[in-house]
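Heads up, the sequence shown is in the UniProt record's numbering, so the first residue is 1 and it goes up one at a time.
Note that the Cβ used here is the ideal one computed from N, Cα and C, for glycine as well.
Just so we're clear, the structure is a prediction, and the values are computed from it rather than from any experiment.
Remarks on the structure that follows.
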Amino acid sequence: MREVYLCRLKMVEPVLAPTPMTLEVEPPGKVKMTAAIREETEKEVPEGETVEEKAEREKNETLYKGWSNFKVMSDPSLYPAARRVVGEYRDIFCDEIPKLPPRRSVKFAIDLEPGHLPPTRLPYQLSFGELDEMRRQLDDLLAKGFIRPPVSPFAVPAFFVVKKDGSLRMCIDYRAINKITIKDKYAMLRPEELLDRLHRAKIFLVLDMRQFFYQLRIRLGDEPKTAMCIRYGNYEWLVMPFGMCNPPPTSQRAIQIDDVLVYSPTVDQYEEDLRRVLGCLRKDEYYVKISKCKFFVPKVIYIGLEISDVGVRAEPKKAELVQTWPKLENKHELRVFLGLTVCNWFWRFIYKYSHVTAPLTSLLQAKVEFVCSEVCEAAFKELKEKIAELILLFIPDPTCPFDLYVDASEKEICITAALMQWDLRVNGLRVVALASRELVQAEQKYSIQEKELLAVVFGLKTFCIYVNHTTKVYSDHESLKWLGTSGGLIEGPNRVKRWAIFLNALGIVPQYIPGSKNIVADALSRRPSRTRTQKQTGEERSDEKETDRIA
1 MREVYLCRLK
11 MVEPVLAPTP
21 MTLEVEPPGK
31 VKMTAAIREE
41 TEKEVPEGET
51 VEEKAEREKN
61 ETLYKGWSNF
71 KVMSDPSLYP
81 AARRVVGEYR
91 DIFCDEIPKL
101 PPRRSVKFAI
111 DLEPGHLPPT
121 RLPYQLSFGE
131 LDEMRRQLDD
141 LLAKGFIRPP
151 VSPFAVPAFF
161 VVKKDGSLRM
171 CIDYRAINKI
181 TIKDKYAMLR
191 PEELLDRLHR
201 AKIFLVLDMR
211 QFFYQLRIRL
221 GDEPKTAMCI
231 RYGNYEWLVM
241 PFGMCNPPPT
251 SQRAIQIDDV
261 LVYSPTVDQY
271 EEDLRRVLGC
281 LRKDEYYVKI
291 SKCKFFVPKV
301 IYIGLEISDV
311 GVRAEPKKAE
321 LVQTWPKLEN
331 KHELRVFLGL
341 TVCNWFWRFI
351 YKYSHVTAPL
361 TSLLQAKVEF
371 VCSEVCEAAF
381 KELKEKIAEL
391 ILLFIPDPTC
401 PFDLYVDASE
411 KEICITAALM
421 QWDLRVNGLR
431 VVALASRELV
441 QAEQKYSIQE
451 KELLAVVFGL
461 KTFCIYVNHT
471 TKVYSDHESL
481 KWLGTSGGLI
491 EGPNRVKRWA
501 IFLNALGIVP
511 QYIPGSKNIV
521 ADALSRRPSR
531 TRTQKQTGEE
541 RSDEKETDRI
551 A
């Protein structure tokens, strides 16, 4: 086919038409040309785009065109400050770890208990597809220098687990070695402490480390202890493998597991924080997976929670999983279900969680036969409904006072506490944290006065890091207000006197509030407003305006 060139006005270079052209001769001197021109030549400027925006877009396309992450960087939704900073540190955003990581101060050590023989096991049988994937991953690991043929008395089998994206991750069955490994007791991060520091954070950033396990070296001399046996021979690791018991503490020493959360109150601070974090990663030669990173967003998913400038709630996808949970048939399924709700922190977002789950937990007793009665069915349904509500917990302001609301009932076998704080965005109280527990058999025999006082003590001890002399405690039992008087300790069991002394030491006297004013339930239903409100002082939160607390 003959190549035909079509030239446009104001174009320097000709455009090659990829399809044949049709020439129709009209009266002398006039030629009509019809052609199908590739889409790129017909690209028009986006509607509403200014000259400056067009120049910036063309600059980005030219700058990042040869980069594998061009699609991410050219996304118009990416904030310009993030694009600019990431472009400066593009060397740490890579598709694959390019080489064996350097030896840093943090190394993965494997210390074994003395007196044990090295474990040896036969390789597992794998399917045809798994064998092909094993061969492919082995070639890749050998090419990068992550593994090597060993001379080792250790040998344990390898297998695959399916990742979220459907691909296969190689894991090694190190159970025999883990049994004789000295456990690393390095302190892990408490999520509550992390969340408490997010006050005034408006902009969030999450960096996902690229194959973080493979970015940490094994301590020199411990490589033979990682030897694995597979269909294609034995290999030992030079980087931290999957399956051992001590990688989480080692990861914690270097970075928070494999995700980095950066939060900033302003745009200028955000850019400064991003540069500082990326600079530290470049210095230690860590690599980041840009496709899983979130830049300049108002909310992020982190450690199983949805975090925003408004508050914290459970991850919606985890809540959807609970909604499709089938009917419980035996104790094992019940344990799995309750374990799921606890492990995913749903109990933190459910008011009176212990009260809701009491009929279900009673079935777990050793001498109780599993019979899912109507009461248990109702509790199972109610629990799923409360999880679906996705209650939002307010991020506390450490400079403002807290209020503590407690509750106990003569008929109920649970006590509940709710820590609350005034939020200017809704001009009302918001729930900061929830806690509840089931009473033991001896506590269930207490009088209602003792149960209410026990709820006060439980709430103060649970939220002890927040409460001080400015904290106000509210209960719907009026008799507790006499604890601050001289007659409050004349009569009663010794436990009541101990609790009263505990309250007096904190300078706290429970205040009465009618049970009909369900302040906690009302606060849980509040949604924050984005409108600015005038700052309110502590004096404005006086008891004379108690009616304003109830929306």
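Proximity to residue i [Cα-Cα], best of the options
i	options	result
residue 415	397, 458, 216	458
residue 188	310, 248, 242, 161	248
residue 124	174, 360, 141, 185	174
residue 118	144, 153, 103	153
residue 391	431, 425, 406	431
residue 232	162, 136, 374	136
residue 121	226, 110, 369	226
residue 496	515, 482, 454	454
residue 251	442, 109, 79	109
residue 95	105, 238, 290	290
residue 194	307, 325, 441, 446	307
residue 246	183, 263, 237, 211	183
residue 408	50, 451, 505	451
residue 465	134, 177, 196	196
residue 324	384, 377, 279, 357	384
residue 89	127, 275, 163, 445	275
residue 243	167, 176, 99, 86	176
residue 190	345, 441, 367	345
Contact under 8 Å by Cβ, residue i with residue j
i	j	result
residue 418	residue 270	no
residue 334	residue 328	yes
residue 393	residue 313	yes
residue 287	residue 97	yes
residue 477	residue 519	no
residue 156	residue 228	yes
residue 436	residue 332	no
residue 217	residue 107	yes
residue 158	residue 255	no
residue 282	residue 139	no
residue 412	residue 361	no
residue 359	residue 388	no
residue 214	residue 160	no
residue 397	residue 365	no
residue 348	residue 434	yes
residue 253	residue 186	yes
residue 456	residue 493	no
residue 277	residue 206	no
residue 259	residue 302	yes
residue 381	residue 350	no
residue 315	residue 304	yes
residue 311	residue 395	yes
residue 101	residue 285	yes
residue 111	residue 181	yes
residue 406	residue 516	no
residue 512	residue 461	no
residue 148	residue 235	yes
residue 505	residue 483	no
Range of the contiguous alpha helix (DSSP H) that encloses residue i
i	result
residue 456	448-462
residue 376	374-388
residue 291	Taken as a continuous stretch (DSSP letters only), residue 291 belongs to no alpha helix (DSSP H), as it is neither H nor E.
residue 279	267-283
residue 253	247-254
residue 495	494-506
Host beta strand (DSSP E) of residue i (start-end)
i	result
residue 296	294-297
residue 204	203-208
residue 236	233-237
residue 230	228-230
residue 259	259-264
residue 421	414-423
residue 407	403-408
residue 308	305-308
residue 429	428-438
residue 86	Premise fails: residue 86 lies in the alpha helix (DSSP H), 80-88, not in any beta strand (DSSP E).
residue 200	Run containing residue 200: none; DSSP gives neither H nor E here.
residue 479	Note, residue 479: premise wrong, no beta strand (DSSP E); not H, not E.
residue 312	311-314
Would you be able to state if there are at least three C-beta pairs under 8 Å between the segment 471-479 and the segment 391-405?
A contact exists between the segment 391-405 and the segment 471-479.
Please list the segments of the alpha helix (DSSP H) lying wholly inside the segment 95-170, counting only runs of 4 or more residues, in order along the chain.
128-144
Three or more beta-carbon pairs under 8 Å between the segment 191-210 and the segment 262-277, yes or no?
yes
Which runs of the beta strand (DSSP E), 3 residues or longer, sit entirely within the segment 169-197?
none
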